[in-house]
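Using the numbering used here, the first residue of the sequence shown is number 53, and each one after it goes up by one.
Notes to accompany the following structure.
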Amino acid sequence: MWSFDTIPRDWLIAFLEHRIGDRRVIRLIRKWLDAGVMDDGTWTDAGVGTPQGNIVSPCLANVFLHYVLDLWFHRKWRPMVPEGEAIIIRYADDVVVGFQHKRDAERYLRDIRERLDRFGLSLHPDKTRLVEFGRFASANRRRRGAGRPETFHFLGFTHFCTTTRRGRFRLGRKPIAKRVNRTLARIGEVLRERWHHDIWEVGEWLGRVFQGWLNYFAVPGSGRFLRAFRRRLQRLWLRALRRRSQRHRFDWKRLERMTEILWPRVSIRHPWPDQRFAVKHPR
Numbered sequence: 053m054w055s056f057d058t059i060p061r062d063w064l065i066a067f068l069e070h071r072i073g074d075r076r077v078i079r080l081i082r083k084w085l086d087a088g089v090m091d092d093g094t095w096t097d098a099g100v101g102t103p104q105g106n107i108v109s110p111c112l113a114n115v116f117l118h119y120v121l122d123l124w125f126h127r128k129w130r131p132m133v134p135e136g137e138a139i140i141i142r143y144a145d146d147v148v149v150g151f152q153h154k155r156d157a158e159r160y161l162r163d164i165r166e167r168l169d170r171f172g173l174s175l176h177p178d179k180t181r182l183v184e185f186g187r188f189a190s191a192n193r194r195r196r197g198a199g200r201p202e203t204f205h206f207l208g209f210t211h212f213c214t215t216t217r218r219g220r221f222r223l224g225r226k227p228i229a230k231r232v233n234r235t236l237a238r239i240g241e242v243l244r245e246r247w248h249h250d251i252w253e254v255g256e257w258l259g260r261v262f263q264g265w266l267n268y269f270a271v272p273g274s275g276r277f278l279r280a281f282r283r284r285l286q287r288l289w290l291r292a293l294r295r296r297s298q299r300h301r302f303d304w305k306r307l308e309r310m311t312e313i314l315w316p317r318v319s320i321r322h323p324w325p326d327q328r329f330a331v332k333h334p335r
């Protein structure tokens with residue numbers, strides 16, 4: 053979804069006035085919106101959208117989409133239109149909507165285009181598509197001879213259909229391959245700059261990088277992909293260490309001992325929601 057650059061400011065201010073009664077705050081937000089963008093010493097302001105890089109732009113865009121999309125879906129569209137179950141998950145301007153029936157998904161796609169067009173927004177043509185997904189997708193596609201279910205990207209993960217050891221459906225998630233390759237390429241560039249730095253200092257820095265990777269991507273079912281990333285990171289560091297001199301003395305066993313000391317162990321950091329929120333609602 054395209055939102056930051058195309059949000060109508062009049063609609064945004066109207067939505068904010070539902071929550072903010074202080075006119076001084078509204079006037080300050082107008083100043084933020086009209087601040088424009090400086091690029092190579094040139095000031096520009098398109099008159100629409102929230103300026104990129106503005107400290108309040110993500111918050112304002114989130115408020116705008118709350119009224120345009122979230123409330124419309126939960127209060128108007130879902131109670132009246134779909135025949136089966138429907139669920140929506142949104143983070144900023146990235147949205148995934150799930151439906152029990154295909155006809156509900158097709159109806160939603162038509163309606164959401166009209167809804168966004170009313171407020172000056174549009175769906176991203178390359179990221180918007182219907183995907184057959186879920187516990188029955190594999191069996192249904194197998195009967196039709198259509199192959200494995202499609203995958204989709206959301207928030208840095210590739211989501212795919214898989215099964216447990218008992219053969220039950222399970223949601224599979226792994227880091228997007230392009231993001232993995234891009235991250236390793238950036239790390240390789242930094243390693244070339246640090247070829248002659250102290251190896252323990254470089255190892256500690258790589259440990260912090262790997263810790264940050266685990267903090268985001270260590271979700272249930274991603275263990276083998278995390279171990280594969282760790283192994284590729286080790287090979288990258290070993291190649292850099294061996295290129296420090298024509299008479300290198302580094303072998304894989306020595307590298308393994310160093311990474312065992314300096315790097316965190318691969319472990320799941322984010323359990324499933326039913327375990328993370330294992331409490332009963334007062335209702």
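No residue lacks a Cβ here, since even glycine has one placed at the ideal position from N, Cα and C.
If you're wondering where the values come from, they're calculated on a predicted model, not measured in any experiment.
Drop a sphere of 10 angstroms on the beta-carbon of residue i, count the other beta-carbons inside from all chains shown, and report buried for 16 or more, exposed for fewer.
i      : result
Leu123 : exposed
Asp156 : buried
Pro177 : exposed
Ile59  : buried
Trp247 : exposed
Arg225 : buried
Leu121 : buried
Thr214 : exposed
Ala138 : buried
Thr94  : exposed
Thr311 : buried
Leu112 : buried
Looking only at C-alpha atoms, which of the options sits nearest to residue i?
i      : options                        : result
Ala189 : Leu290, Arg196, Pro201, Arg283 : Pro201
Arg309 : Pro323, Trp265, Phe277, Ile251 : Ile251
Pro325 : Arg196, Val271, Glu69          : Val271
Ala237 : Gly259, Thr214, Phe281         : Phe281
Leu307 : Gln327, Leu285, Arg75, Thr216  : Leu285
Ile239 : Leu290, Thr215, Lys226, Gly197 : Leu290
Pro227 : Leu80, Leu112, Leu266          : Leu266
Ala229 : Phe269, Arg218, Arg194, His249 : Phe269
Trp143 : Pro110, Gly150, Ala87          : Residue identity check: residue 143 is Tyr in the sequence provided, not Trp. When each option's Cα is compared against that of Tyr143, the closest is Pro110.
Phe67  : Val100, Tyr119, Asp86, Arg75   : Tyr119
Arg222 : Ser274, Glu166, Leu182         : Ser274
Nearest-angstrom Cα distance between residue i and residue j?
i      : j      : result
Phe206 : Lys179 : 10 angstroms
Gly73  : Asn114 : 19 angstroms
Glu253 : Arg231 : 25 angstroms
Arg370 : Thr235 : A question about residue 370 goes unanswered here, because the residues of the chain that appear run from 53 up to 335.
Gly255 : Leu314 : 6 angstroms
His70  : Phe116 : 11 angstroms
Arg276 : Arg187 : 22 angstroms
Leu243 : Thr102 : 37 angstroms
Trp304 : Asp146 : 42 angstroms
Gln327 : Ile164 : 33 angstroms
Glu245 : Arg170 : 51 angstroms
Arg162 : Glu184 : 18 angstroms
Gly264 : Leu258 : 10 angstroms
Val148 : Ile140 : 6 angstroms
Arg127 : Arg61  : 24 angstroms
I need the boundaries of the beta strand (DSSP E) containing residue i, first residue and last residue.
i      : result
Ala138 : 138 to 143
Pro227 : 221 to 227
Val148 : 146 to 151
Phe262 : No beta strand (DSSP E) contains Phe262, which is instead part of the alpha helix (DSSP H) from 251 to 269.
Phe209 : 209 to 215
Could you name the residues of the same chain whose beta carbon sits closer than 7 angstroms to that of residue i, not counting the 5 residues immediately before and after it, in chain order?
i      : result
His153 : Glu135, Gly136
Thr203 : Thr210, His211, Phe212
Arg14  : This structure cannot speak to residue 14, because the chain is shown only from 53 to 335.
Taking 8 angstroms as the limit between beta carbons, can you name the residues of its chain near residue i, skipping five residues before and five after?
i      : result
Arg279 : Val318
Leu288 : Leu236, Ile239, Gly240, Leu243
Counting only the same chain and skipping the five closest in sequence on each side, list residues whose C-beta sits under 6 angstroms from that of residue i.
i      : result
Val261 : none
Val108 : Trp84
Output yes if chain C places a C-beta closer than 7 angstroms to the C-beta of residue i; else output no.
i      : result
Trp304 : The structure shown has no chain C; it contains just one protein chain.
How far does the alpha helix (DSSP H) with residue i in it extend, from its first residue to its last?
i      : result
Phe206 : Unbroken run through Phe206 is the beta strand (DSSP E), 204 to 206; no alpha helix (DSSP H).
Ala113 : 109 to 117
Val77  : 75 to 85
Gln286 : 275 to 294
Lys128 : From DSSP, Lys128 is part of no alpha helix (DSSP H); its letter is neither H nor E.
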